[in-house]
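As structure tokens, the structure follows; a few thoughts come after it.
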Amino acid sequence: MKYKFCPICGRKLIMRNSWDEGDVPYCPVDDIMYFDLPKPCVVVAVVKENEILLMKQSYIFKNCKVLVSGYVTNGETVEETVIREVKEETGITINNIKYLGSDTIPKSELLMLTYMADYVEGEIIKSDEVELVEWINIEHAIEEMKEDKVGKRVVRKVLKEIGYNYIYSEV
Ligand SMILES: [Zn+2]
Numbered sequence: 001m002k003y004k005f006c007p008i009c010g011r012k013l014i015m016r017n018s019w020d021e022g023d024v025p026y027c028p029v030d031d032i033m034y035f036d037l038p039k040p041c042v043v044v045a046v047v048k049e050n051e052i053l054l055m056k057q058s059y060i061f062k063n064c065k066v067l068v069s070g071y072v073t074n075g076e077t078v079e080e081t082v083i084r085e086v087k088e089e090t091g092i093t094i095n096n097i098k099y100l101g102s103d104t105i106p107k108s109e110l111l112m113l114t115y116m117a118d119y120v121e122g123e124i125i126k127s128d129e130v131e132l133v134e135w136i137n138i139e140h141a142i143e144e145m146k147e148d149k150v151g152k153r154v155v156r157k158v159l160k161e162i163g164y165n166y167i168y169s170e171v
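FYI, UniProt numbering numbers position 6 of the sequence shown as 6, with every residue one higher than the one before it.
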């Protein structure tokens, strides 16, 4: 976010040079520079044999399923976020968390850290934030994720990791 006013004292910020970053909004009262930082969040593909965990959340996309996702909270490691979000949204316990790279959505100020993880145990118990959680055959997952560009990229990486790259290189 590009700050104009100090979130602490409400004063109009002035610009101050910050060597590497150029001019940055600054509050001389609180002595804080307000950098235009992204919001880190995680996107997780949970894999169980040949199935992948997909959810439906209409407020994100109307006609498309998505992977588990959520914001990293202050004081939490990203690995903890991955485990917590999967547990909270689906009731599932995971392990073998593997980083697949990152994506950005500048308009939403999101920095999306993408992961895959293995199912360990648990029945699906969806949170109230979610309309549907289900295991989908990994070969058909991308067809169900039409609008979710980042999610599809993650699933393609997962397919590659587990050896489906020949079939899905064209999707
Ligand atoms: Zn201030």
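Just so it is clear, CB atoms sit at the ideal spot from N, CA and C, and this is done for glycine as well.
Quick caveat, the model's predicted, so the values are computed rather than measured.
Whole-number beta carbon distance between residue j and residue i, since they are thought to touch under 8 Å
i	j	result
Val154	Ala117	Not really, about 12 Å apart at Cβ, beyond 8 Å.
Phe35	Val24	6 Å
Inter-residue Cα distance where the pair is residue i and residue j
i	j	result
Ser108	Cys41	11 Å
Val120	Val150	25 Å
Ala141	Ile125	20 Å
Leu54	Asn74	26 Å
Lys160	Ile97	16 Å
Met145	Gly10	43 Å
Ile32	Lys12	13 Å
Pro28	Met112	32 Å
Leu67	Trp19	39 Å
Among the options, nearest to residue i - alpha-carbon criterion
i	options	result
Glu89	Thr73, Asn96, Glu134 and Ile105	Glu134
Lys48	Ile92, Thr114 and Asp103	Ile92
Asn50	Pro7, Lys146 and Ile138	Ile138
Cys6	Thr77, Leu67 and Asp30	Asp30
Lys2	Pro38, Ser69, Ile8 and Thr104	Pro38
Asp148	Phe61, Tyr99 and Ile105	Phe61
Residue i CB to nearest heavy atom of ligand 1 below 7 Å
i	result
Ile14	no
Val24	no
Ile8	yes
Val154	no
For residue i, three-class secondary structure by DSSP
i	result
Asp118	strand
Leu111	strand
Asp20	helix
Ile142	helix
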